[in-house]
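Peer 1:
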Amino acid sequence: MDITFKCWPQLEGLAKRLSSKRFPGLFYYDTGPKGSFGKPCLILLHGLGDEADSWRHIIMPLGEAGYRVLAVDLINFGRSALDMRSSIQANRDAVLELAETVLGPAAQNGAPGGDLVLIGSSMGSAVAEAAVLVSSRVKALILIDGCFPLKTGGKASASEPSDPADHTSSSRTLLAALPIFGKKWYRSFRGDPEKAWRSLFSYYADLESLSKEDRDFLRKRVMDRVCSASQERGYFSSLRSMIFQTLRASYYKQIGDWPGRIALIWGEKDRIIPLFQAESFILQREANPTEFYSVLGAGHLPHQEKPDETVKAILGFLKTIQ
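Last residue of the sequence shown: 1156 (the working numbering), numbering continuous.
(1) Determine the burial state of ALA924: buried for a count of at least 16 other Cβ atoms within 10 Å of its Cβ, exposed for fewer.
(2) By the three-class DSSP mapping on this structure, what secondary structure does ALA990 have?
(3) May I ask you to report which of helix, strand or coil DSSP gives GLN1138?
(4) Would you tell me roughly how many angstroms separate the C-alpha atoms of PRO874 and TYR901, rounded to the nearest one?
(5) Taking the straight line between their C-alpha atoms, what separation do you get for GLY872 and LYS1103?
(6) Does DSSP put VAL1060 in a helix, a strand or coil?
(7) Can you list the alpha helix (DSSP H) stretches of 4 or more residues lying completely in the region 1033-1077, in chain order?
(8) So ILE789 packs on ILE953, CB below 8 Å; how close in whole Å?
(9) Residues in the same chain with beta-carbon distance under 8 Å from ALA992, minus the five sequence neighbours each way, listed in chain order, please.
(10) Measuring only the C-alpha atoms, how far is ALA1039 from SER1062?
(11) Indicate the three-state DSSP secondary structure (helix, strand or coil) for GLU898 in the structure shown.
(12) In whole angstroms, what separates the C-alpha of PHE1126 from that of PHE1151?
(13) Hey, how far is the Cα of SER996 from the Cα of LEU1034?
(14) LEU1135 and SER955 - do their beta-carbons sit closer together than 9 Å?
(15) Counting along the chain, where does the beta strand (DSSP E) carrying GLY1161 start and finish?
(16) Quick one, are the C-beta atoms of ILE978 and ILE1099 less than 9 Å apart?
(17) Does ILE1107 come out as helix, strand or coil in the three-state DSSP assignment?
(18) So, for PRO1141: in the same chain, excluding its five sequence neighbours on each side, which residues have a beta-carbon less than 7 Å away from its beta-carbon?
(19) Express the C-alpha separation of PRO1027 and SER970 in angstroms, rounding to a whole number.
(20) Within 8 Å: the Cβ of ARG1053 and any heavy atom of the ligand GTP?
(21) Strictly by DSSP, which residues pair up with THR1124?
(22) Does the region 1117-1124 come close enough to the region 1081-1096 to have 3 or more Cβ pairs within less than 8 Å?
(23) Nearest CA to the CA of ARG1024: which residue from ARG1059, TYR1037, LYS1046 and SER1045?
(24) Per DSSP, LYS850 forms a beta bridge with which residues?
(25) My output table needs one value for ALA940: the three-state DSSP class, helix, strand or coil.
(26) Using CA coordinates, which residue listed in VAL1129, ARG919 and ARG1055 is at the minimum distance from ASP884?
(27) Check the DSSP bridge columns for GLY1101 and list the partner residues they point to.
(28) State the Cα-Cα distance for the pair LEU852 and ILE976, rounded to the nearest angstrom.
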């Protein structure tokens, strides 16, 4: 079975599909180039089990600030039901091909235009990191509550939840990646909308404080996700790919040595990837300083809970790289 994912109403006019032999029909939102000359294009990459609508409250404000913004449904998430396996590497290639198709080839010999800033949330951060290791047109990264590989150990928040949908602990993540256990857990939500709704709580500092429009949207969207065959495929293949990639010892060193600019934006009350991960990442990049912004009162998805504060942090960092 599969589900038709409807666009957030205010974004319907921005919806597009990628014309590409390798990634035919990849879905994305595009604010267009108006007013963006000389500024990098911002590409927004959502987290595991999510889609481009997770950026619904910040796409337009970033566009109004003069940036061209692309927000993509990664492979087999949302409306990008492609006949291929979703992985960090495949999504990296899809994002770079999207940039090549929409923006044209990377600038040559100092010619203006074509630079990218990748903004990744959670798993989207791993895709963004993978892209900078193969593409010179990515000038900076903004990683929102996600930086990889994850350091084992450390002290998580005292309020760490025990919901099985919470991937704070590596053991839960590994269990979810097991074919039989993981799929049984994933499919258990299909007949229980309240259980599916409750599974979202650990990702937010206070889900019930969101607007009724947001809550209604998320209630329906979580059921769309768990009932979607392509979303299920995307979830588990991406999860396994992320685990395998971040086990590579060389990967940590490559990200630490990358000379480009990186900003971390972190929800103060994140219970999925706790703050010590950000601290470990900053130490790893000691030779290449990393900017850090804390979003007060936000959980793992500050761009949904505190969009104004998140946009302010993004724009503040972008000013430092121009």
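Cβ atoms here follow ideal geometry from the backbone N, Cα and C, with glycine treated the same way. No experiment lies behind these values; they were computed from the predicted model shown.
Peer 2: From the atom records:
(1) Label assigned to ALA924: buried.
(2) Reliability of the predicted coordinates at ALA990 is poor, the pLDDT of 38 falling under 50, and the value obtained from them is presented with this limitation in mind. In this structure, ALA990 counts as coil in the three-state DSSP scheme.
(3) The three-state reading of DSSP puts GLN1138 in helix, counting H, G and I together.
(4) 7 Å
(5) 36 Å
(6) helix
(7) 1046-1060
(8) Outside the shown range of the chain (835 to 1156) lies residue 789, about which nothing can therefore be said.
(9) In this prediction, ALA992 has a pLDDT of 31, which is less than 50 and means its spatial position is unreliable; what the coordinates show is noted afterwards. Contacts found: none.
(10) 27 Å
(11) helix
(12) 9 Å
(13) Unreliable placement is indicated for SER996, whose pLDDT of 32 sits below 50; the coordinate value is still reported in the next sentence. Answer to the nearest angstrom: the Cα atoms are 12 Å apart.
(14) yes
(15) The chain is shown from 835 up to 1156; residue 1161 falls before or after that span and cannot be answered.
(16) yes
(17) coil
(18) HIS891 and ILE892
(19) 45 Å
(20) Within the structure as shown, the ligand GTP is missing, as the structure has no ligands at all.
(21) DSSP output for THR1124 lists ILE1096 as bridge partner(s).
(22) yes
(23) ARG1059
(24) TYR862
(25) In the structure shown, ALA940 sits in coil (DSSP, three-state: anything other than H, G, I, E or B).
(26) For ASP884, the nearest C-alpha among the options comes from ARG1055.
(27) VAL1129
(28) 24 Å
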